[in-house]
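Shown next, in structure tokens, is the structure this report addresses.
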Amino acid sequence: LMGIPYVNAPTEAEAQCAALVKDGKVYGVGTEDMDALTFGADVLV
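Structure follows, in structure tokens:
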């Protein structure tokens, strides 16, 4: 999508994104809701 890398999550998208943040592979999570916080992401965009 316009040269921006993205990931297709096999299950819960916010859980996948939070895991990527915890592993240090990404800086933050772009989401429309706050579910990523419950999975441990500390940066939301």
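Numbering (the working numbering), first residue to last: 5 to 49. Glycine is no exception: its CB is placed at the ideal position from the N, C-alpha and C atoms.
- Exposed is the label assigned to Glu36, since fewer than 16 other Cβ atoms lie within 10 Å of its Cβ.
- Spatial neighbours of Gly34 in its own chain (CB-CB distance under 7 Å, excluding positions within 5 residues in sequence) are listed in chain order as Val49.
- In this chain, the alpha helix (DSSP H) harbouring Val25 covers 17-26.
- In this chain, the alpha helix (DSSP H) harbouring Asp39 covers 39-42.
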